Every structure is written in structure tokens, then in C-alpha cells.
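Going down the list, the sequences are from chains X and H. Mapping of the first sequence onto the numbering used here: position 249 corresponds to residue 249, and the numbering continues sequentially without gaps. Mapping of the second sequence onto the numbering used here: position 199 corresponds to residue 199, and the numbering continues sequentially without gaps. For glycine and all other residues, C-beta sits at the position ideal for the given N, C-alpha and C. Every value quoted in this text rests on a predicted model; they were computed, and no experiment measured them.
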Amino acid sequence: MIGRRFAKRISHASSLARDFLSLIRGANRKRFAGIIDFSYQHYALGDILTSQVNMACLATERGCQGVDLYVIINPWAPSALAQGFITPDNYTSHLDNLFPALLCSPMLRSIQLLRDGLTAGLSLLSLIASRVPMWPSLRDHLRHRLVYPMGHEIINRFHARHGYVPTLSAPRGYARWAREFVQQRYPGRFLVCVNLRQSRLTNVPATTYRDAPLEAWYEFFRTVEQRYPDAHFFALGGFPEWEHTLLAHRNVTIPRTMGLTLAHELALLHASDLFMGTSSGFSTMATFSRVPYVISHIEHFFAPFAGVEVGAERYPFAAENQYLVWRREDAPLLLDYFERIYRASPRARIAVAGREPSVGGAEPLGVVGSAEGAGTGRNKRRMTFYIDVFSSCNLACPSCPVSNLRSDPDRPPKGLMSADLLRRVLDKATRETEVTSVALFNWTEPLLHPQLAELVRIVKRYGLFCSLSSNLNVLRHADDVLAAGVDWFRISVSGFHQDVYQRTHRGGDIEMVKANMLELAAAKRRTGSSVDIEVFFHRYLGNFGDELEMRRYAESLGFRFVAGWAQMMPVEKVLSYVDPANPEVALSAEDYELIERLSLPLEEAVSLTSLHPVSSCPLQDDYMTLDVEGNVYLCCATSARSSNRLGSFLMTSTEELQRMKQAHRLCGPCMKKGLPLYLEHKLPEFDQMGNRARPASEGGGRK
Amino acid sequence: MRVAQALKRNVRRSLSLARWAFGRRVYPWTESPPHRLLGFLGQVAYRGHSPAHRLAYIVLAALLKHREQVYADKMNFVATARGRVSPEVLRNFVVWQRKILQNQEVPPGFRIHGSLCVTGGQDDVQVDRLFSVFCLSEVFNNLSIFWGEETMVQSLPLLLTRAERGRAAAQDIRFDLDAASDADVRVVELEVMPRAFSPLFEPRRTLTTYLKVAHLRAFVVALSLAEDGDGFCDAELRQWLPHLGAFRREFPGVAFCLLNRTMLGQNNAEPPVRDVAPVRGLGFGLQDAVATAQGADAFLGRLDVFGLAAISVRRPGVYFDSSNGDRHDPERLVWMFVHPTPQQCLAALRVLIRQCRPDWNGRERVAGRTEAKDDGTA
């Protein structure tokens with residue numbers, strides 16, 4: 001009897017052991033584990049954000065599908081020794097304030113806040129036993145050792161291998177809020193987020209020598225108010241960190257005075273045109289975003305942690321308009337950087353990917369008409385004009401409606417735009433709207449126009465920003481065009497070698513393009529033009545190796561290089577693909593072939609945007625698209641079919657045209673599926689999607 | 001003598017252990033020898049600071065947790081959130097805790113673990129607002145947030161106990177934060193609510209300092225109005241402002257502290273809002289606002305998370321409660337209205353103030369400064 005009971009107990013124990021082993025070995029290895037244990041890690045915005053980028057880099061390299069965050073707190077000893085002011089009685093307030101920063105990684109799949117040591121133990125043992133990749137490493141975690149300040153070693157290494165770094169996004173649940181807030185309350189403004197770190201005003205002053213010199217900033221705000229009335233500042237930071245005198249600046253808003261929180265501020269930073277501020281947690285957010293920034297007063301001792309030399313103009317992974325300043329800022333310095341970025345700002349973004357051939361990147365095209373330029377009437381609607389000055393193209397790219405709708409009998413008018421018509425269009429445009437930029441292209445090739453230089457001169461006579469985009473297979477009168485004053489010139493490519501290039505720039509000759517790039521660089525030198533020349537590389541599956549070669553070539557000529565995810569165009573094709581039951585246009589075998597070739601998987605991208613239907617669309621509100629005869633079309637991303645033709649620009653008022661756009665039947669399904677976000681590349685998850693597909697298909701090299 | 005005692009003790013323990021091993025003695029699972037042994041070793045490991053100690057603690061904690069999963073029940077509770085975090089969703093987060101405390105017989109001082117499955121669009125659910133309410137709670141210990149059903153299903157085996165896993169498979173035991181009914185906030189059932197609003201040290205300090213600086217001697221009324229999906233109450237505040245202005249002309253010593261966010265008067269071009277102190281724009285977070293609801297002299301407004309916080313500490317006031325019909329508790333100075341007008345609410349508040357401050361009889365002196373002027377000292 002006793003023996004039976006003992007045997008039963010042994011059997012029960014062994015069953016428990018088996019159950020335990022299967023439990024701890026069952027964690028998902030396809031997900032990355034991020035450990036934030038506040039017994040040795042810090043309650044600090046910058047560190048939390050950098051940690052998440054580290055996790056995203058490592059997760060991407062390990063091929064993980066997402067990141068699970070384990071936040072471990074011992075309620076009786078809730079902070080590291082360095083943060084002794086965080087006690088069992090107040091740690092929830094600190095945690096609550098910081099929590100939005102944990103929501104900024106697009107790869108985040110779960111957060112587990114573990115205050116119970118037993119649950120934390122089981123979770124950690126499960127990660128260890130299942131060999132789930134994790135950060136910090138098990139060794140570092142057990143030693144409770146993390147080097148502060150948190151450096152960029154992992155991030156720089158990732159960038160060196162892959163050519164990009166994962167970016168952070170607005171905190172979950174706030175991206176839409178920020179977009180709507182900006183659109184409703186600050187439409188058309190050049191929005192600058194600033195962080196004037198003022199630790200000395202807080203309850204726990206620390207490293208106060210890093211605080212911003214307030215007088216310099218106040219002078220900067222005053223100067224900008226006079227010179228750039230369309231610029232507006234958001235002063236970010238904790239409620240104690242500003243002086244009441246800041247409220248006296250009419251061009252400064254303090255989000256905290258509206259009851260907004262860190263989550264709102266981080267989302268606003270993402271929705272703004274520029275970030276400026278002292279080195280701080282907010283500057284870390286900007287560092288790992290695509291927002292242009294100027295981070296000032298960086299401590300010199302941080303240089304080796306960031307993997308740069310003291311005085312470096314930018315981080316290795318930063319974009320051209322993301323600057324570091326290693327000295328204490330003063331008003332002239334702030335103004336200098338502000339103007340530099342303001343003048344080259346992406347405010348007049350080409351919202352569409354689809355400049356010929358379809359573009360993914362939604363990269364900056366023009367600059368907003370500067371304050372000293374024409375059309376600064378504050379009550380007028382701000383508009384960017386896309387004008388096809390020539391009706392056809394010399395290439396037949398499969399992603400562009402000029403080619404993929406060529407069999408459609410419903411074609412736009414043929415011909416070219418006359419100088420007189422352009423003049424009349426601009427007369428009316430500047431009368432009725434505040435013109436932010438004039439792009440002499442939409443779907444077609446502007447360099448085929450024999451009097452292009454004259455058209456550019458006309459635009460410049462109105463004091464407007466003028467931009468061109470070309471496949472550069474032909475380059476006529478380069479000196480004339482540049483001398484006419486064109487401000488921005490995009491060269492659109494998708495390969496460095498002919499076999500790759502011709503797949504998606506059908507009919508083009510990349511060697512001719514390269515030769516013309518040389519000629520264009522020479523023309524720029526000869527004419528002394530200040531044109532901003534951008535080489536835009538369309539990322540498809542199979543052209544990664546070419547991208548690196550083209551980047552080197554472009555940069556050797558002094559051109560700015562930008563790469564973006566190629567997209568299918570026009571919108572009708574996208575809608576027909578994702579909703580085949582209600583086709584807008586027929587999709588051909590060639591279309592399907594192209595869609596297969598997209599790095600950013602169309603179906604997956606639209607599935608994601610469908611979760612974010614939009615109620616307003618910048619392509620509808622802020623852009624006017626005209627053909628060679630001055631007819632206005634619904635949108636710069638839709639086809640030039642007659643159903644999208646709204647009427648003559650000269651004969652119809654802008655307000656009436658806008659009303660017609662708003663009532664158009666195509667906008668409903670497009671906005672419902674969130675396609676404007678796809679066209680503008682607004683969702684940070686796109687980068688992860690695109691990058692996930694590329695290395696797998698290419699093995700990291702050219703094919 | 002000591003040796004003899006130790007020997008005796010150890011012999012007794014060994015005998016008990018043997019009786020347990022051979023099934024002659026039964027313990028509650030938390031008292032059984034293996035549990036006590038693991039607990040003892042865990043404490044030893046926890047006190048150490050070397051990596052080996054920490055690793056040992058992880059293993060021992062995992063074993064203890066596993067025992068808990070095998071033997072315990074009603075430890076973990078799951079809720080779902082699908083859309084925007086409206087005031088109702090925030091309130092339902094508190095209601096969820098009330099339901100757990102009432103139905104599951106959770107002993108006082110015992111904390112349970114919550115899991116939240118976010119199934120809506122990622123850009124709809126502002127989970128940080130729910131997290132703020134979670135931080136107020138002394139019901140929950142852990143909180144796990146999962147984006148997507150699949151993510152949660154993969155992680156549940158590590159979180160739920162055996163009994164809970166069985167129930168989870170058999171029926172849907174999740175609490176839907178978007179769908180709780182008004183009946184869930186009946187005042188009579190709110191007795192267990194205080195545990196959802198644990199002592200708030202930092203917010204209390206913030207509130208106390210603020211009241212001393214800004215509203216010394218004033219009769220402070222916490223005001224909570226209808227919010228939109230992002231927590232702003234601008235629409236309803238516009239309707240209320242004229243009435244509040246008239247009321248303050250009658251009672252200048254009353255200070256209304258608005259607990260919701262507002263953008264009214266926050267733009268440089270707009271005049272600032274008078275008659276109401278928008279505390280959320282004065283650096284108060286949600287926790288601070290809850291502390292204000294609990295610390296004010298009276299409450300006026302909706303039975304949202306602030307209203308529940310106020311009523312949980314028996315704060316007198318005028319509550320908008322759509323669940324139980326109009327009623328009045330003269331003892332606690334509580335008025336409940338279903339769909340009140342501002343005039344109706346302020347009439348009740350007038351009665352409340354006269355009972356709380358019998359020396360006030362309308363047009364009374366402004367707190368602090370005016371009082372000093374009347375004394376001729378200013």
C-alpha cells in the first residue's frame with residue numbers, strides 16, 4: 001500500500017517534470033525577446049528607444065518576425081543604483097510616464113510587465129531553454145551589466161551590413177492622431193519639434209551642463225517668426241522643463257499645456273518637418289526616424305559610443321538632412337541649420353510614388369515657396385502643381401500607366417504644353433492658391449519638351465520652386481535647363497547594369513543614363529547652378545547589388561542618392577489587384593509579373609494600410625495635376641483616363657475642382673483601404689516588409 | 001541542549017517528509033516540502049549577486065511558478081480591446097477588476113495577473129491610457145499586452161494555470177473592454193472599488209502642492225466631462241462654460257478642476273479658459289487626475305474612471321450615471337442623474353456646497369486673497 005503510494009508520487013513527480021520541460025522548451029524561436037530589467041537598466045527615454053532599435057536590428061538579422069518585450073520590475077527595488085530617486089512608492093508614476101516609449105518599435109508584438117519574480121523566472125527560463133534570441137545576451141543579463149551611455153555599436157554594424165537601420169515609429173495608437181492633429185490645426189505649416197532640455201528645472205536635476213541656452217533659442221524663435229511666418233514650433237519635454245516666457249512666443253506651442261503626454265509628443269515628432277534640440281531622449285527618437293534633425297551640444301565623450309569622430313556631421317546611418325552639432329548652440333547656428341533644412345524641406349513631398357516610372361520612395365521633391373517667394377497669402381489653399389508638359393515618354397516601364405495602360409483607348413490628349421498656356425495656368429494658380437511648388441512632370445518625360453528651359457524660366461519668374469524628374473535617357477540643352485533656375489532634379493533609375501535596369505525601365509539604356517549623369521554633373525559645374533540633383537533608385541527584388549553600385553556612382557558625381565520601394569501604378573491597378581471582384585481596370589499578365597517583382601509586397605502592404613483607413617488625403621487636398629492642355633485630373637497617382645478628368649483648370653475655380661475631387665467615386669475605396677499611406681510610404685512597417693523580402697530573394701548580392 | 005533540540009527537530013522533519021513521501025500526510029500545495037524547499041533555495045539565490053545566483057534564482061522561480069500553474073486557479077484573467085480607448089473602455093478596465101474581485105473571491109492583498117489582447121487596428125488602441133489605469137491598481141501584479149490573437153495564443157501556456165487553460169479551451173472567459181454594460185457600474189456594487197485605485201503617492205503630492213498654491217481655501221470641485229476618442233472634452237466644455245461662469249459668480253470660492261484634456265484656450269490666439277482650471281494642461285497626468293477626483297471636496301461629472309475613483313472614496317458629488325435612474329443619497333451627499341442638464345447638476349451642487357460650507361450663503365468671499373482684502377490686510 002505504502003509502496004504504491006510512493007510509486008504514485010514518483011510517477012506524479014516525473015509527469016510534472018516532463019510537463020515542465022515541455023513548457024519551457026515551447027517558446028517561439030521566430031520571435032525575438034527584448035529584456036528590459038529595471039534593476040540594472042534605466043528609466044530613460046533615450047536608452048529605452050536605443051534599446052528597441054538594438055532589438056530590431058538583432059531581430060531582423062536573426063530573421064525573427066517580431067519582438068516580445070519583457071519588462072521586469074521588482075516592486076521592492078524598482079530601479080538601478082544610479083536612479084535611487086525611483087522608489088517603491090513612486091516607480092509606477094515613472095513607468096507610466098515612460099510607457100509610450102516602449103510602443104515605438106514597429107516589430108513589437110507583445111509587452112509583458114512582470115512584477116512577480118516567479119513569472120519572470122519562468123519566462124526567462126523558457127527563453128533560455130528554447131534558445132530564443134534575446135537582447136541583452138543571457139551573459140549580460142545575468143551579470144546585470146549594460147554599458148551606459150548606450151552606444152550604436154549594434155546599429156552601426158547592422159548598417160554596415162545592410163545599408164539601412166530599422167526606424168522607430170510613433171507610439172502605437174498615436175500616428176493617426178498626430179496626422180489628424182497636424183492637418184486640422186496646423187495645415188500647411190512647416191512644423192518643427194524642439195526640445196530645450198532643462199534638467200535644472202526638474203525635481204531631479206542631473207547633468208545640467210547639457211541644458212539648452214534658453215536665450216539663444218528665444219532669439220531664434222523671434223527671428224523665425226519674422227522671416228518664416230509659416231513655421232511653427234512644438235516645444236517637447238516634461239512639464240517642468242519650460243519657462244512661462246516661452247508661452248509668449250506666438251509661433252511656439254507647448255503640447256503639455258494641452259494635457260498631451262509623451263505619446264503625443266513622440267507622435268508629433270514623427271509628423272513634423274524638422275526636429276531641433278539638445279542631445280536628449282527626444283533627439284534619440286529623431287535619430288532613429290526619417291525626420292530631418294539638428295541635434296546640438298552632443299557630448300564629446302559620446303563620440304566613440306556612437307562610432308563617429310568628434311565633429312562628424314552626421315551618424316553613419318543618417319540621411320543627408322540629419323545633422324549633428326558638437327558645440328553649444330547659439331541663435332545664428334540654429335537659424336543657419338533651420339534655413340538649410342527649410343529650403344530643402346520635404347514639405348512639398350511628391351506624395352506619390354509614381355513619378356515615371358512608378359516610384360516607391362515618396363522622397364522630397366520640392367521646397368515650399370519660401371517666405372520671401374511669391375504667394376504667401378495666408379488665407380489661400382496651399383497647393384503643389386504637377387504639370388505634364390509633354391504627353392508621352394520614351395520608355396515603357398511596366399509600373400507606369402503610360403505603358404501599362406497603353407492599350408486603353410481612353411488616353412489623355414497628345415502634344416506639349418505651350419509657354420503661353422503655362423503662363424496662364426500659373427497666373428490663375430498664384431491668384432487662387434498659395435503655390436508651394438511646380439513640378440513640370442507627372443507621368444511623362446519632361447526632357448522631351450523642346451522648350452523646357454523656357455518653361456522653367458516662366459516658373460521661376462513667378463518666384464516659385466521648380467522641379468523636374470526624368471529617366472535621363474535623353475538629355476537636351478542641359479546647360480539651358482539648369483541655367484533657367486530649376487531647383488530640384490530627380491533622376492529615376494532601377495539598376496546599374498543593363499540586364500537589371502531594362503526589366504523595370506523597359507526600353508531604357510543605363511549606359512546612356514550614366515553618360516547623361518556625367519553630362520548633367522558637368523553642366524551643373526559649368527552653369528554654377530544650385531540645383532539639388534537626386535538619384536532615386538527604385539527598389540525591386542533583384543536589384544539590391546545594383547543599388548549599392550549606383551549609390552557609389554551617384555555620390556561620386558556629387559548627387560544625392562535616395563532609394564525607395566517601387567510601387568505599382570496607377571491607383572486603379574492597385575485597387576483592381578486587391579479587390580479583383582470590383583476591378584477598376586483589367587490587370588494583364590505583365591502587371592502580375594511586375595507585382596511579383598516588387599520588394600514591398602503589394603498585397604501585404606495594402607492589408608496593412610487597410611487597417612488604417614484615412615479620412616483625408618493629402619493627394620486630394622494639396623496637389624493639382626494637369627495635362628498638356630491644362631485639364632485637371634483627380635490625383636497625381638491615378639490614371640489620366642477621362643473618368644478622372646475634372647475639367648479645365650483655366651475654366652474652373654480651384655474650390656470647385658476640390659469639391660469635384662472630394663465627390664469622386666474613386667477616392668472612397670482608395671481612402672478606405674488607406675492607400676494614401678501606401679503611396680506616401682507613411683507606415684514604418686513598410687521598411688521592415690521590404691527589407692524582409694529583399695535579402696531572402698537576392699542573397700545580398702546582384703543577380 | 002541545543003544539539004539535542006536541533007537533532008530532535010531534524011528527526012521530526014525527516015519523519016514528516018517520509019510520511020509525506022509515502023502518502024501518509026497531505027499538505028496544501030504551498031506548504032508541501034518541495035514547495036518550501038524551492039522557496040528556501042530561491043530566497044538564498046535571490047540574496048546572491050553573482051550570475052550563478054541569478055541563474056539559480058531563475059530556475060527555482062520557474063519551478064515554483066510551474067507548481068503554481070499546476071495547482072492554483074483564478075490567478076490570470078484575460079480581456080480584449082478592439083477599438084479606440086474611449087472613456088467607457090477606461091471605465092470598463094476598472095469594472096473588469098470589480099468583476100474579478102467580486103466573482104472570483106480574490107483574497108485581500110492577493111494580486112492576480114492580467115492579460116490584454118489588442119485585436120483592433122494597431123493605430124486605434126492607445127494602450128498607454130489603459131496602462132495608466134493599470135498603474136493605479138493594486139488588483140493586478142503583472143500585465144501582458146499582446147497585439148493580435150495569434151501572439152496571445154502562443155504565449156498563454158506560459159501564463160495560465162492548468163485549470164485556466166482547460167476553461168479557456170472550453171469557453172470564452174475573456175472580458176470585453178469594449179462591450180461592458182452600464183449595469184456594471186451600479187453604485188451599490190462599488191464597495192470593492194478602492195483596490196482598483198491604490199494609494200497614489202506621487203500624484204497625491206502633486207495634487208496637494210497644486211491645491212495649496214492655486215486654490216488655497218477654495219471649495220474644490222473635480223469636474224469630469226464627456227471625452228472624445230482621444231480624451232479631449234472640448235465639445236461638452238463649450239456647453240458648460242457659461243453655466244460654470246454663472247455659478248462661480250454666485251460662489252467665487254468654488255474652484256472647478258477639469259480632469260479631462262482640453263485644447264480650449266490653449267492656443268496663443270485664444271483667450272485662456274476662465275472659471276475652470278484645466279489641470280491636465282498644468283502637468284497633471286491621468287494618475288494625477290484620478291488623485292484629484294479623490295482628493296477634491298466634491299465631484300461633478302460622469303461616472304467614468306474619474307467618477308469611479310471619486311465614488312470609491314465616498315466623495316460627495318453629482319454623478320452622471322446612466323445605469324440606475326435619478327436618485328439622491330442625502331447621507332453621503334451624492335446625487336445620481338441619468339441625463340442631467342448643466343443647470344440641474346449645478347442646482348444639486350449648490351445644495352451640496354451649502355451643506356458642506358454652511359457659512360457660505362452665495363456671493364461669499366473669494367478664497368484667500370479676497371478674504372485678506374476684506375480683512376484690510378492686503
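Legend entry - Per-residue burial, residue 590/X [other beta carbons within 10 Å of its own, 16 or more giving buried]: As a first step, residue 590/X is located in the first sequence; it is residue number 590 there, counting from the start. By the neighbour-count criterion, in which 16 or more other beta carbons inside 10 Å mark a residue as buried, residue 590/X falls on the exposed side.
Inset, instruction - Find out if the Cβ-Cβ distance for the pair residue 172/X, residue 266/H is shorter than 9 Å. - result: For the purposes of this step, residue 172/X is taken as the residue at position 172 of the first sequence. For the purposes of this step, residue 266/H is taken as the residue at position 266 of the second sequence. Judged by their CB atoms, residue 172/X and residue 266/H are not nearer to each other than the 9 Å cut-off.
Inset, instruction - Indicate whether residue 139/H and residue 196/H have their beta-carbon atoms separated by less than 9 Å. - result: The count along the second sequence starts at 1 and reaches residue 139/H at position 139. The count along the second sequence starts at 1 and reaches residue 196/H at position 196. Yes, the pair counts as a contact, with Cβ atoms nearer than the cut-off.
Legend entry - For residue 55/X and residue 203/H, the rounded distance between their alpha carbons: Here the question's residue 203/H lines up with position 203 in the second sequence. Here the question's residue 55/X lines up with position 55 in the first sequence. The alpha-carbon atoms of residue 203/H and residue 55/X are separated by roughly 33 Å.
Inset, instruction - Taking residue 194/H as the query, report the chain X residues whose CB atoms sit under 9 Å from its CB, ordered along the chain. - result: Taking the second sequence and counting its residues from 1, the one referred to as residue 194/H is at position 194. Close to residue 194/H, with beta-carbon spacing below 9 Å, lies no residue of chain X; the smallest spacing is near 16 Å.
Inset, instruction - Please classify residue 625/X: does DSSP put it in a helix, a strand, or coil? - result: Here residue 625/X refers to the residue found at position 625 when the first sequence is read from its first residue. The answer is strand: DSSP assigns residue 625/X an E or B state.
Inset, instruction - Identify each residue in the segment 236–247 of chain X for which the Cβ-Cβ distance to at least one residue of chain H is less than 9 Å, and report them in chain order. - result: Residues of the segment 236–247 of chain X that bring their beta carbon within less than 9 Å of a beta carbon in chain H comprise 238, 239, 240 and 247, in sequence order.
Legend entry - Chain-ordered neighbours of residue 261/X on chain H, where CB pairs are closer than 8 Å: Along the first sequence, one-based indexing puts residue 261/X at 261. Residues of chain H with a Cβ closer than 8 Å to the Cβ of residue 261/X are, in chain order, 128 and 285.
Inset, instruction - Excluding the 5 residues preceding and the 5 following residue 558/X in the sequence, name in chain order all residues of the same chain whose CB lies nearer than 7 Å to its CB. - result: On the first sequence, residue 558/X is found 558 positions in, with the first residue counted as 1. Only 521 meet the Cβ criterion.
Legend entry - Buried/exposed call for residue 209/H, threshold 16 Cβ in 10 Å: Within the second sequence, the letter at position 209 stands for residue 209/H. Sixteen is the threshold: since fewer than 16 other Cβ atoms of the shown chains lie within 10 Å of the Cβ of residue 209/H, the residue is exposed.
Inset, instruction - Could you tell me whether the Cβ of residue 237/H comes closer than 9 Å to any Cβ of chain X? - result: In the second sequence, residue 237/H corresponds to position 237, counting from 1. Taking Cβ atoms only, chain X never reaches closer than 9 Å to residue 237/H, which makes this a no.
Legend entry - C-alpha distance - residue 75/X paired with residue 284/X, whole-angstrom precision: By 1-based counting over the first sequence, the position of residue 75/X is 75. By 1-based counting over the first sequence, the position of residue 284/X is 284. Rounded to the nearest angstrom, the gap between the Cα atoms of residue 75/X and residue 284/X is 28 Å.
Legend entry - Residue environment, residue 212/H, which counts as buried when at least 16 other CB atoms sit within 10 Å: Along the second sequence, read from residue 1 onward, the residue named residue 212/H stands at position 212. When all chains shown are included, residue 212/H counts as exposed.
Legend entry - Limits of the alpha helix (DSSP H) - the one that residue 385/X falls within: As a first step, residue 385/X must be located in the first sequence, where it is residue number 385. No alpha helix (DSSP H) contains residue 385/X, which is instead part of the beta strand (DSSP E) from 381–387.
Inset, instruction - Report buried or exposed for residue 142/H, applying the criterion of at least 16 other Cβ atoms within 10 angstroms of its Cβ. - result: On the second sequence, position 142 is the one that residue 142/H refers to. Residue 142/H should be labelled buried.
Legend entry - Cβ-based burial, residue 570/X [other Cβ within 10 Å; buried from 16]: Here residue 570/X is taken as the residue at index 570 of the first sequence, counted from 1. Buried, since its Cβ has 16 or more Cβ neighbours within 10 Å.
Inset, instruction - Could you name the residues of the segment 137–165 of chain H whose beta carbon sits closer than 8 Å to any beta carbon of chain X, in the order they occur along the chain? - result: Within the segment 137–165 of chain H, the residues whose Cβ lies closer than 8 Å to some Cβ of chain X are 141, 142, 143, 144, 145, 146, 147, 148, 151, 152, 154, 155, 157, 158 and 159, listed in chain order.
Inset, instruction - Would you list the one or two residues that DSSP bridges to residue 277/X? - result: Against the first sequence, residue 277/X aligns to sequence position 277. The partner list for residue 277/X (beta bridge, DSSP) reads 195/X and 295/X.
Legend entry - Closer than 7 Å at the beta carbon, the chain X residues around residue 51/H: Mapped onto the second sequence, residue 51/H falls at position 51. Here the neighbours are 142 and 143.
Inset, instruction - Starting from residue 152/H, follow the alpha helix (DSSP H) in both directions and report where the run begins and ends. - result: Position 152 of the second sequence, counted from the first residue, corresponds to residue 152/H. Residues 149–159.
Legend entry - Sub-9 Å separation of residue 270/X and residue 331/X beta-carbons: Numbered from 1 along the first sequence, position 270 holds the residue referred to as residue 270/X. Numbered from 1 along the first sequence, position 331 holds the residue referred to as residue 331/X. No, the pair does not count as a contact, with Cβ atoms beyond the cut-off.
Inset, instruction - Please check if any C-beta of chain H sits within less than 9 Å of the C-beta of residue 171/X. - result: Start at 1 with the first residue of the first sequence, and residue 171/X comes out as number 171. Closer than 9 Å: yes.
Legend entry - Runs of alpha helix (DSSP H) lying entirely within the segment 24–94 of chain H, each at least 4 residues, in chain order: Correct list: 33–47 and 51–71.
Inset, instruction - Flag residue 135/X as yes if its beta-carbon sits less than 9 Å from any beta-carbon of chain H, otherwise no. - result: The count along the first sequence starts at 1 and reaches residue 135/X at position 135. Interface annotation, residue 135/X: not in contact with chain H, CB-CB separation never under 9 Å.
Legend entry - Short Cβ contact (9 Å threshold) for residue 416/X with residue 391/X: Translated into the one-based positions of the first sequence, residue 416/X becomes position 416. Translated into the one-based positions of the first sequence, residue 391/X becomes position 391. Residue 416/X places its beta carbon less than 9 Å from that of residue 391/X.
Legend entry - 8 Å CB neighbourhood of residue 201/X in its chain, flanking five on each side removed: Within the first sequence, the letter at position 201 stands for residue 201/X. For residue 201/X, the CB contacts under 8 Å within the same chain, skipping 5 residues up- and downstream, are 240, 241, 242 and 243 in chain order.
Inset, instruction - Enumerate in chain order the residues of its own chain whose CB-to-CB distance from residue 87/X is below 8 Å, with the five nearest sequence positions on each side excluded. - result: Here residue 87/X refers to the residue found at position 87 of the first sequence. Excluding positions up to five away in sequence, the list reads 78 and 79.
Legend entry - Where the alpha helix (DSSP H) containing residue 765/X begins and where it ends: What the structure shows of chain X is the stretch from 1 to 703, and residue 765/X is not part of that stretch, so it cannot be assessed.
Inset, instruction - For residue 245/X, count neighbouring Cβ atoms within 10 angstroms of its own Cβ and tell me buried if that reaches 16, exposed if not. - result: The residue you call residue 245/X lines up with position 245 of the first sequence. Exposed.
Inset, instruction - Please name the residue, chosen from 247/X, 272/X, 286/X and 291/X, that lies closest to residue 271/H on a Cα-to-Cα basis. - result: Sequence index remark: in the second sequence, residue 271/H carries index 271 (1-based). Measuring C-alpha to C-alpha distances from residue 271/H to each of 247/X, 272/X, 286/X and 291/X identifies 247/X as the nearest.
Inset, instruction - For the segment 578–653 of chain X, list the alpha helix (DSSP H) runs that are entirely contained and at least 4 residues long, ordered along the chain. - result: The segment 578–653 of chain X contains these whole alpha helix (DSSP H) runs: 589–597, 602–610 and 618–621.
Legend entry - Contacts around residue 373/X, its chain only, beta-carbon distance under 8 Å, and the 5 residues preceding and following it disregarded: Numbered from its first residue, the first sequence carries residue 373/X at position 373. Any reading at residue 373/X is ruled out, since the residue's pLDDT is 33, under 50, leaving its predicted position unreliable.
Inset, instruction - List the residues of chain H whose Cβ lies closer than 9 Å to the Cβ of residue 99/X, in chain order. - result: By 1-based counting over the first sequence, the position of residue 99/X is 99. Scanning chain H for C-beta atoms nearer than 9 Å to the C-beta of residue 99/X yields 127, 128, 131, 132 and 135, reported in chain order.
Legend entry - CA-to-CA distance, residue 43/H to residue 14/H, given in whole angstroms: Start at 1 with the first residue of the second sequence, and residue 14/H comes out as number 14. Start at 1 with the first residue of the second sequence, and residue 43/H comes out as number 43. Here the alpha carbon of residue 14/H sits roughly 22 Å from the alpha carbon of residue 43/H.
Legend entry - Host beta strand (DSSP E) of residue 336/H (start-end): In the second sequence, the residue the question calls residue 336/H occupies position 336. Looking at the DSSP string, the run of the beta strand (DSSP E) that includes residue 336/H is 334–337.
Inset, instruction - Could you confirm whether any beta carbon from chain X is found closer than 9 Å to the beta carbon of residue 262/H? - result: Along the second sequence, read from residue 1 onward, the residue named residue 262/H stands at position 262. The beta carbon of residue 262/H sits closer than 9 Å to some beta carbon of chain X.
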